[in-house]
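Peer 1:
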Amino acid sequence: PTLFEALLRTEGLDGVDLSFLRGVFCGGDSLSVELKKKVDAFLKEHNAKVQIREGYGTTECVTASCLTPRDFFREGSIGIPYPDVYYQIVDPKDDSELPPDTEGEICISGPTVMKGYLNNAAETAATLRTHADGRVWLHTGDIGTMDKDGFIYFKQRLKRLIIVSGINVYPSQVENTIDAHPDVLLSCAIGIPDPYKMHKVKAFVVLRPGVEPSEKIKEEIL
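Counting from 404, one number per residue, gives the positions in the sequence shown under my numbering.
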């Protein structure tokens, strides 16, 4: 997503014909709904016949394992698993499979999943686990959901999760809300220690060129 943010600000692309593009893909982190809309609008303005498609994967399963189908986008979804690749959303506490639309840890199984980490049996055992179905599943450490049709929704990496007064707060959701403001170029939300709430959310915001910071904009964002 960071690369596409930079491309949108590149003046050298003004007026460039992108009709030759056959595919535009994004992975590595959550692509906000607002950024997708901006990229799709940019592509259309430059004669591209495609829209950006989001995917998902990890090094442990040979990178990509899930992709948004062509011309079949669902808002917020990273797509459906590749053929012969299985996804499961589980409860991090006991590895039990969760029902559709319930947040849990994203797990992957299939022929592209690694055999293990070299010379690191402890990390391998923590990451590759055999579930009740008898399959070996790769635990990604990412939070997401799966709908009834098998579309996957990435929410947040567990390490970025912010717990505020016992409530799970996903930085990407905060960033999506802030980025929707017309004067905002991009934002980043983090958790900082708080003596009462354990953590609280702090956001860093970059305004669009020519926009001066003001209390009015701050209040609108908050």
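Don't be surprised by glycine CBs; every beta carbon is placed ideally from N, CA and C. Quantities reported herein were computed from a predicted structural model and do not represent experimental measurements.
With a floor of 3 residues, list each beta strand (DSSP E) that falls wholly inside the region 470-518, ordered by position along the chain.
Peer 2: Within the region 470-518, the complete beta strand (DSSP E) runs of at least 3 residues are 489-493, 507-512.
Peer 1: Which whole-angstrom value is the C-beta distance of residue 604 and residue 590, which I expect to be below 8 Å?
Peer 2: As a first step, residue 604 must be located in the sequence shown, where it is residue number 201. As a first step, residue 590 must be located in the sequence shown, where it is residue number 187. About 11 Å separates the two Cβ atoms, so there is no contact after all.
Peer 1: Does the beta carbon of residue 503 fall short of 7 Å from some heavy atom of the ligand COA?
Peer 2: Looking at this structure, you won't find the ligand COA or any other ligand, since it has none at all.
Peer 1: What's the C-alpha gap between residue 612 and residue 592?
Peer 2: Stepping through the sequence shown from its first residue, residue 612 is reached at position 209. Stepping through the sequence shown from its first residue, residue 592 is reached at position 189. Going by the C-alpha atoms only, they are around 21 Å apart.
Peer 1: Look at the Cβ atom of residue 548, then the Cβ atom of residue 506, and state whether they are nearer than 8 Å.
Peer 2: As a position in the sequence shown, residue 548 is number 145, starting the count at 1. As a position in the sequence shown, residue 506 is number 103, starting the count at 1. Closer than 8 Å, so yes.
Peer 1: How is the beta strand (DSSP E) around residue 590 delimited, first residue to last?
Peer 2: The residue given as residue 590 occupies position 187 in the sequence shown. Taken as a continuous stretch (DSSP letters only), the beta strand (DSSP E) holding residue 590 covers 587-597.
Peer 1: Just tell me which of 466, 464, 443 has its CA closest to the CA of residue 455.
Peer 2: For the purposes of this step, residue 455 is taken as residue 52 along the sequence shown, with counting starting at 1. Taking the Cα of residue 455 as reference, the smallest distance to any Cα among 466, 464, 443 is reached at 443.
Peer 1: So if DSSP puts residue 605 in a beta bridge, which residue, or which two residues, is it bridged to?
Peer 2: The count along the sequence shown starts at 1 and reaches residue 605 at position 202. Residue 605 is bridged to 593.
Peer 1: Thinking residue 416 and residue 410 are a contact (beta carbons under 8 Å), I'd like their distance in whole angstroms, please.
Peer 2: Walking along the sequence shown from the start, residue 416 turns up at place 13. Walking along the sequence shown from the start, residue 410 turns up at place 7. Taking 8 Å as the upper bound for CB-CB distance, residue 416 and residue 410 are in contact here, some 7 Å apart.
Peer 1: Residue 559 lies in the beta strand (DSSP E); which residues open and close that run?
Peer 2: Walking along the sequence shown from the start, residue 559 turns up at place 156. 555-560 is the span of the beta strand (DSSP E), which, as asked, contains residue 559.
Peer 1: Return the first residue and the last residue of the alpha helix (DSSP H) that residue 442 is part of.
Peer 2: Your numbering for residue 442 matches position 39 in the sequence shown. Looking at the DSSP string, the run of the alpha helix (DSSP H) that includes residue 442 is 436-448.
Peer 1: Could you have a look at residue 451 and say whether DSSP puts it in helix, strand or coil?
Peer 2: Taking the sequence shown and counting its residues from 1, the one referred to as residue 451 is at position 48. DSSP places residue 451 in coil when its eight states are reduced to three.
Peer 1: For residue 427, which of helix, strand or coil comes out of DSSP?
Peer 2: Stepping through the sequence shown from its first residue, residue 427 is reached at position 24. Note: residue 427 maps to strand in three-state DSSP.
Peer 1: What's the gap between the Cα of residue 427 and the Cα of residue 559?
Peer 2: On the sequence shown, residue 427 is found 24 positions in, with the first residue counted as 1. On the sequence shown, residue 559 is found 156 positions in, with the first residue counted as 1. Their backbone Cα atoms lie some 23 Å apart in a straight line.
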